[in-house]
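Report on one structure; see the data block that follows.
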Amino acid sequence: MNHHRIALSAALLASTVLVPASAAWAQEADPSASAPTQTDDVIVVRYQYVPDDKRATSEVSSFLSIDDIVTTGDSDIASALGRVTGLSVSEGRYVVVRGLNERYSNTLINGSPLASPEPLRRAVPLDLFPTSLISNTLVQKTYSPRFPGEFGGGLVEIETSALPEERFLEVGVSFAADTITSFDEGLTYDGGDDDWTGFEDGTRDWPAQFADILLTENIGPSEQDPVELAEIGRNLENSRLWVQFEEQIPGDAGFSLSAGDRFDFDNFSVGVLAAVGYDNSWQTEIGRRGKARVSSGGLTPRSQFARTSTANTVETNGMFNLGVEFGEHEVQALALVLRSTEKETSSLLGRDDDLDSLVRNDANAWFERQVYTYQLSGDHTFDLGEGLNVEWRAATSDASRYAPNQRRAFYEFDGDESAIGDNFELLGDSRYAGDFLLRNSGDGNTITFSRVDDVTDDIGFDVTLPVTLGGMDWEWSAGYNRMDKERVAFAREFRFFGSIPADLRGSRIDYIFADQNILDSRFRLTEVGGSLSPEAYRGDLEVEAGYISTDVALTPFLRAAAGVRFEDGEQTVDTYNLPILDASDFGDNEGFISEDYALPAVTLTWTFAENMQLRLGYSETIARPQFRELGPTTFFNTETDERFRGNPFLTNTEITNFDARFEWYFGRDQFFTAGLFYKELESPVVEYILREGETLATSFLNAPSAELTGFEVEFEKRFDFSDRFEAAFWDDAEVFVKANYTFTDSSMAAGDGDTVILSEPAGGEAVAATAPASGFIADGQTLQGQSEHLANLQIGWEEPAAGRRTAFLVNFTGERTRALQNLAVGLPEVVEEPPVMLDFVHSRELEFRGREIANVRFAVRNLLGEDYVATQSAGNSSIEVDSYEIGTTFSINLSRTF
Numbered sequence: 001m002n003h004h005r006i007a008l009s010a011a012l013l014a015s016t017v018l019v020p021a022s023a024a025w026a027q028e029a030d031p032s033a034s035a036p037t038q039t040d041d042v043i044v045v046r047y048q049y050v051p052d053d054k055r056a057t058s059e060v061s062s063f064l065s066i067d068d069i070v071t072t073g074d075s076d077i078a079s080a081l082g083r084v085t086g087l088s089v090s091e092g093r094y095v096v097v098r099g100l101n102e103r104y105s106n107t108l109i110n111g112s113p114l115a116s117p118e119p120l121r122r123a124v125p126l127d128l129f130p131t132s133l134i135s136n137t138l139v140q141k142t143y144s145p146r147f148p149g150e151f152g153g154g155l156v157e158i159e160t161s162a163l164p165e166e167r168f169l170e171v172g173v174s175f176a177a178d179t180i181t182s183f184d185e186g187l188t189y190d191g192g193d194d195d196w197t198g199f200e201d202g203t204r205d206w207p208a209q210f211a212d213i214l215l216t217e218n219i220g221p222s223e224q225d226p227v228e229l230a231e232i233g234r235n236l237e238n239s240r241l242w243v244q245f246e247e248q249i250p251g252d253a254g255f256s257l258s259a260g261d262r263f264d265f266d267n268f269s270v271g272v273l274a275a276v277g278y279d280n281s282w283q284t285e286i287g288r289r290g291k292a293r294v295s296s297g298g299l300t301p302r303s304q305f306a307r308t309s310t311a312n313t314v315e316t317n318g319m320f321n322l323g324v325e326f327g328e329h330e331v332q333a334l335a336l337v338l339r340s341t342e343k344e345t346s347s348l349l350g351r352d353d354d355l356d357s358l359v360r361n362d363a364n365a366w367f368e369r370q371v372y373t374y375q376l377s378g379d380h381t382f383d384l385g386e387g388l389n390v391e392w393r394a395a396t397s398d399a400s401r402y403a404p405n406q407r408r409a410f411y412e413f414d415g416d417e418s419a420i421g422d423n424f425e426l427l428g429d430s431r432y433a434g435d436f437l438l439r440n441s442g443d444g445n446t447i448t449f450s451r452v453d454d455v456t457d458d459i460g461f462d463v464t465l466p467v468t469l470g471g472m473d474w475e476w477s478a479g480y481n482r483m484d485k486e487r488v489a490f491a492r493e494f495r496f497f498g499s500i501p502a503d504l505r506g507s508r509i510d511y512i513f514a515d516q517n518i519l520d521s522r523f524r525l526t527e528v529g530g531s532l533s534p535e536a537y538r539g540d541l542e543v544e545a546g547y548i549s550t551d552v553a554l555t556p557f558l559r560a561a562a563g564v565r566f567e568d569g570e571q572t573v574d575t576y577n578l579p580i581l582d583a584s585d586f587g588d589n590e591g592f593i594s595e596d597y598a599l600p601a602v603t604l605t606w607t608f609a610e611n612m613q614l615r616l617g618y619s620e621t622i623a624r625p626q627f628r629e630l631g632p633t634t635f636f637n638t639e640t641d642e643r644f645r646g647n648p649f650l651t652n653t654e655i656t657n658f659d660a661r662f663e664w665y666f667g668r669d670q671f672f673t674a675g676l677f678y679k680e681l682e683s684p685v686v687e688y689i690l691r692e693g694e695t696l697a698t699s700f701l702n703a704p705s706a707e708l709t710g711f712e713v714e715f716e717k718r719f720d721f722s723d724r725f726e727a728a729f730w731d732d733a734e735v736f737v738k739a740n741y742t743f744t745d746s747s748m749a750a751g752d753g754d755t756v757i758l759s760e761p762a763g764g765e766a767v768a769a770t771a772p773a774s775g776f777i778a779d780g781q782t783l784q785g786q787s788e789h790l791a792n793l794q795i796g797w798e799e800p801a802a803g804r805r806t807a808f809l810v811n812f813t814g815e816r817t818r819a820l821q822n823l824a825v826g827l828p829e830v831v832e833e834p835p836v837m838l839d840f841v842h843s844r845e846l847e848f849r850g851r852e853i854a855n856v857r858f859a860v861r862n863l864l865g866e867d868y869v870a871t872q873s874a875g876n877s878s879i880e881v882d883s884y885e886i887g888t889t890f891s892i893n894l895s896r897t898f
């Protein structure tokens, strides 16, 4: 079966890169072979007619088409996937499939893996992918050997478009505003003049004249003389990066442009497609943040803060696709650039019991995330036997995350605390500004530079040959794949040390760190990273694999797909301090895993009645630890202000998967499915809390085992009321209902005889220590990130002839564990309650004098005004760990095709 060719051909010529309300540059589709229009299971039935367009795989999968995105109006793939059966979204960017978080999922683009810009994860943040650049997205929930063996909850395969049927040019603009952020006061700082473009203009760079010093030396009085050290400190940008202020926040705006053409010659055709996009959005979060401690009466606050933050996110993207078709052959070249920049300003105001005072913590940051992907691929069918098909691909994906010159300032309150009480929001009032004093010495400020570079190279091919043997139709497939992933990450932290005169501590921070105060007798810039833990790490993962599989019709009603993948993988992690002067400064493969596997997969499909079938699946897969989880030293997470320590004794997780699915297709875009799934996880990697001196840190271990069980149902039906109502509206209108529900239950085992392996520091090295599992994992504890209940509902109506579609969308994600409990000190788990989202989306064609002039989509998000909240609870006490208002968003998108 030609997987990519079938999946693309179903929607390629009936979709647009910019997702208007109706296809703009596509050729008119044959009604008998219309593009996929539903999010449902992809099936193939040889001898019974099952009216489902998505026939790209025999496995249990969900398929997200252009038509689905037109209905929901989602702007990025992460948001769109949150409406698929069995899927939820974590942190707005990671997909959780069937209760297994991002460590158990994989993402491919046109069959090739992607690099990740995230410093602590290999998972790809899917919020980077605008839906405007995507043709189709496949979520495969049961394993097939042609895909990588790292497969737990599921695999996301994103497909881009190529070869338009005719010339087109499309322009789109968008505008949005919400009830919390837009046209209200928000928190910000100056930054660079070009911040609105999403590109740094050099304001945050390390001073160029001292770049060589940074490469070869640490910064501080023991390395540089006082004059040179003072010059370095004075050349770091001052007020533009330190000073926070309030200003009115504008609304959101964006634009997109795409163009394509097809050139037909005597023996071949050439297609070209190019697209660019820009989006500038703002979000203010106003809420509370806190930490808990255990007391005799339950939980009491360790810290409580009123939190205000404003983030300005600028997203730019571009795609260029060139394709050549000649006979039964196709070659494509793809270049894809995804870039997201976030300028964040935040302030915490409240009480820190560890300091026994009211405090203010200000932070200014700039995060650049980008992914560059280049791919060359081919699809060839030869006149050999019943049609030999060969697909090949070669790709490189380069991702990075750069966070230059992050600033943090810490203040203590020197005013009348009795006037504040627990109303910490009052501390933000201007009348208290002079009562905050910058903490003395180096405790009051930090300046951090960090970067992640991740490069993934991939080559592979798949060969498929249909044959008839023994009176049965067989489809034999075999393939080879090699992937090399290399990651380098570092973080360097600096502080100004020195005693601040009493009359200066209450001044504006840029006055405190003015040039005249940066000298040896007052403030000295000193590098503090690497004193407790290495500043950098590098990781390598090499995977080489081959597979063989077959798809055979055993009888006119019974079909089997079976195969095995042979995969050999080697993973290494080194940690080290900067600067690196020679190879001896690197570690000695502190984390190392080398394993080979034979991973089988079998799926049976029984078509027992017309338009009904039952599928049974079995497979074995794996999941590998993240790079940073294997590094044996303590690492500081600059995003969460938390420390964690890796464990070089972690092993791969082995997963056994069982699936059963009943499917009934009873008309065009009408179906009902019900499925069961069960997974056994041997040695799943989980987090636990440990003490490092007086502070808490997170580390990792292999739990003995875990089980996950669940079921999911999905229903879709269209109603034609033209024969019931006389109004002309119903002659063209159809009402549609789409609904899905997933129940998932998981539990980890930690019995009396179960043990875990920890990493303990000894003599500068990591030593394996065996301990009872019950001391770190509660028996029966759920897996992190798993929600027991997921549900989606879409109700709306469509008028195809008029080009109008209206829908109400409901998305429900049940409560889930955000952070595991700490058995060492008795702290309960942190539970988050994602908001119930009710959205309204209307799209239509705008006409003037009988001519279509534009497509418009209007959307209202979060009609219920739900908020986000995460808490820790014990007995009758509860502490808000994180909460903020989301607000209701109004948006309008306009597009015009020429």
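If you're matching positions, the sequence shown starts at 1 in full-length UniProt numbering and goes up one per residue. Note that beta-carbon positions come from the ideal geometry of N, C-alpha and C, so glycine has one too. These numbers were taken from a predicted model, which means no experiment stands behind them.
Practice task
Kindly indicate which three-state DSSP category G470 falls into: helix, strand or coil?
Solution key: Taking the sequence shown and counting its residues from 1, one reaches residue 470 at position 470. Coil.
Exercise for the section: Tell me N855's beta-bridge partners as DSSP assigns them. Expected result: Position 855 of the sequence shown, counted from the first residue, corresponds to residue 855. Residue pairing from DSSP places N855 in a beta bridge opposite E845, S895.
Practice task
Pull up the CB-CB distance for residue 899 and D732, whole angstroms please, since I reckon it's below 8 Å.
Solution key: Residue 899 lies beyond the residue range present for the chain, which begins at 1 and ends at 898; the question has no answer from this structure.
Problem - Assigned exposure category for E716 - 16 Cβ within 10 Å defines buried - result: Numbered from its first residue, the sequence shown carries residue 716 at position 716. By the C-beta density criterion, E716 is buried, having at least 16 other C-beta atoms within 10 angstroms.
Exercise for the section: Assess, as a yes-or-no matter, whether the region 160-169 is touched by the region 615-624 under the definition of 3 or more beta carbon pairs within less than 8 Å. Expected result: They do not touch, by the three-pair rule.
Exercise for the section: Measure the Cβ-Cβ separation of E325 and F382 and say whether it is below 8 Å. Expected result: Taking the first residue of the sequence shown as 1, we reach residue 325 at position 325. Taking the first residue of the sequence shown as 1, we reach residue 382 at position 382. Going by C-beta atoms, E325 is not nearer than 8 Å to F382.
Handout entry: Reference R565, options D194, T817, P600, closest by Cα
Key = As a first step, residue 565 is located in the sequence shown; it is residue number 565 there, counting from the start. In this structure, P600 is the residue among D194, T817, P600 with its C-alpha nearest to the C-alpha of R565.
Exercise for the section: Just the C-alpha distance for T742 and R234, rounded to the nearest angstrom, thanks. Expected result: Taking the first residue of the sequence shown as 1, we reach residue 742 at position 742. Taking the first residue of the sequence shown as 1, we reach residue 234 at position 234. If I take the Cα positions, the gap works out to 58 Å.
Problem - Ordered list of beta strand (DSSP E) runs contained in the region 444-527, each at least 3 residues - result: Within the region 444-527, the complete beta strand (DSSP E) runs of at least 3 residues are 445-469, 472-497, 524-527.
Problem - Distance, E246 Cα to T897 Cα - result: Counting from one through the sequence shown, the residue named residue 897 turns up at place 897. Counting from one through the sequence shown, the residue named residue 246 turns up at place 246. Annotation: T897 to E246 spans about 40 Å, alpha carbon to alpha carbon.
Exercise for the section: May I ask you to report which of helix, strand or coil DSSP gives L426? Expected result: To locate residue 426, count along the sequence shown from 1; it is residue 426. Helix.
Problem - One or two residues paired with G186 in a DSSP bridge - result: The residue given as residue 186 occupies position 186 in the sequence shown. As DSSP reads the structure, G186 sits in a beta bridge with E247.
Handout entry: C-beta contact flag for S746 and E707 at 8 Å
Key = As a position in the sequence shown, residue 746 is number 746, starting the count at 1. As a position in the sequence shown, residue 707 is number 707, starting the count at 1. Closer than 8 Å, so yes.
Handout entry: For Q626: DSSP bridge partner residues
Key = For the purposes of this step, residue 626 is taken as the residue at position 626 of the sequence shown. Beta-bridge pairing by DSSP links Q626 to no other residue.
Handout entry: Assigned exposure category for R816 - 16 Cβ within 10 Å defines buried
Key = Working through the sequence shown from its first residue, we reach residue 816 at position 816. With at least 16 other beta carbons inside 10 angstroms of its own, R816 counts as buried.
Practice task
Starting from D334, follow the beta strand (DSSP E) in both directions and report where the run begins and ends.
Solution key: For the purposes of this step, residue 334 is identified with residue 334 of the sequence shown, where counting begins at 1. The sequence as given places Leu at residue 334; Asp does not occur at that position. L334 -> beta strand (DSSP E) spans 329-352.
Handout entry: Inter-residue spacing [alpha-carbon to alpha-carbon] between L650 and V767
Key = If you number the sequence shown from 1, residue 650 lands on position 650. If you number the sequence shown from 1, residue 767 lands on position 767. Between the C-alpha atoms of L650 and V767 there is a straight-line separation of about 12 Å.
Problem - Assigned secondary structure, I134 (DSSP; H/G/I helix, E/B strand, else coil) - result: Position 134 of the sequence shown, counting from 1, holds the residue named residue 134. Of the three classes helix, strand and coil, the one that applies to I134 here is coil, per DSSP.
Exercise for the section: Spell out the partners DSSP gives I593 in its beta bridges. Expected result: Residue mapping note: residue 593 aligns to position 593 of the sequence shown, counting from 1. BP columns for I593 point to Q571.
Practice task
Could you give the DSSP three-state label for T216: helix, strand or coil?
Solution key: Sequence index remark: in the sequence shown, residue 216 carries index 216 (1-based). DSSP places T216 in helix when its eight states are reduced to three.
Handout entry: Where N321 falls, given that 16 or more other Cβ within 10 Å makes a residue buried
Key = Locating residue 321 in the sequence shown gives position 321, where the first residue counts as 1. The residue is buried, with at least 16 neighbouring Cβ atoms inside 10 Å.
Handout entry: C-beta contact flag for R103 and V685 at 8 Å
Key = On the sequence shown, residue 103 is found 103 positions in, with the first residue counted as 1. On the sequence shown, residue 685 is found 685 positions in, with the first residue counted as 1. Yes, the pair counts as a contact, with Cβ atoms nearer than the cut-off.
Problem - Whole runs of the alpha helix (DSSP H) within the UniProt domain "TonB-dependent receptor plug" (55-147), excluding any shorter than 4 residues - result: Within the UniProt domain "TonB-dependent receptor plug" (55-147), the runs of alpha helix (DSSP H) at least 4 residues long that lie entirely inside it are, in chain order, 66-72, 77-81.
Handout entry: Alpha-carbon spacing of F729 relative to E544, whole angstroms
Key = The residue labelled residue 729 in the question sits at position 729 within the sequence shown. The residue labelled residue 544 in the question sits at position 544 within the sequence shown. Taking the straight line joining both Cα atoms gives about 59 Å.
Handout entry: In chain order, each alpha helix (DSSP H) run of at least 4 residues that lies wholly inside the region 602-682
Key = Those alpha helix (DSSP H) runs which fall completely within the region 602-682 and span 4+ residues are 627-630.
Exercise for the section: Pick helix, strand or coil for D383, following the three-state DSSP scheme. Expected result: Along the sequence shown, read from residue 1 onward, the residue named residue 383 stands at position 383. In the three-state DSSP reduction, D383 falls in the coil class, being neither helix nor strand.
Handout entry: According to DSSP, residues forming a beta bridge with V881
Key = The count along the sequence shown starts at 1 and reaches residue 881 at position 881. As computed with DSSP, V881 is found in no beta bridge at all.
Practice task
Taking only the alpha-carbon atoms, compute the straight-line gap between D68 and D669 and give it to the nearest angstrom.
Solution key: As a first step, residue 68 must be located in the sequence shown, where it is residue number 68. As a first step, residue 669 must be located in the sequence shown, where it is residue number 669. Rounded to whole angstroms, D68 to D669 spans 12 Å at the Cα level.
Exercise for the section: Indicate, with yes or no, if the ligand MG has a heavy atom lying under 7 Å from the CB of D754. Expected result: Of ligands this structure carries none, so the ligand MG is not represented either.
Exercise for the section: Return helix, strand or coil for L229, following the three-state DSSP convention. Expected result: Stepping through the sequence shown from its first residue, residue 229 is reached at position 229. In this structure, L229 counts as helix in the three-state DSSP scheme.
Handout entry: F199 burial status per 10 Å Cβ neighbour count (16 or more: buried)
Key = As a first step, residue 199 must be located in the sequence shown, where it is residue number 199. Under this definition F199 is an exposed residue.
Exercise for the section: Please name the residue in R645, S843, V836 whose C-alpha comes closest to that of E798. Expected result: Here residue 798 refers to the residue found at position 798 of the sequence shown. It is S843 whose Cα lies nearest to the Cα of E798.
Problem - Backbone secondary structure at S747 - three-state DSSP - result: Against the sequence shown, residue 747 aligns to sequence position 747. In the structure shown, S747 adopts extended strand secondary structure according to DSSP, grouped into three states.
Handout entry: Residue of G290, A394, V294, P221 minimising C-alpha distance to V331
Key = What you label residue 331 is simply residue 331 of the sequence shown in a count that begins at 1. Answer by Cα proximity: A394.
Exercise for the section: Work out the CA separation of V737 and G415 for me, nearest whole Å. Expected result: Along the sequence shown, read from residue 1 onward, the residue named residue 415 stands at position 415. Along the sequence shown, read from residue 1 onward, the residue named residue 737 stands at position 737. Computed Cα separation, rounded: 59 Å.
Problem - Three-state secondary structure assigned by DSSP to F808 - result: By one-based count along the sequence shown, residue 808 stands at place 808. Note: F808 maps to strand in three-state DSSP.
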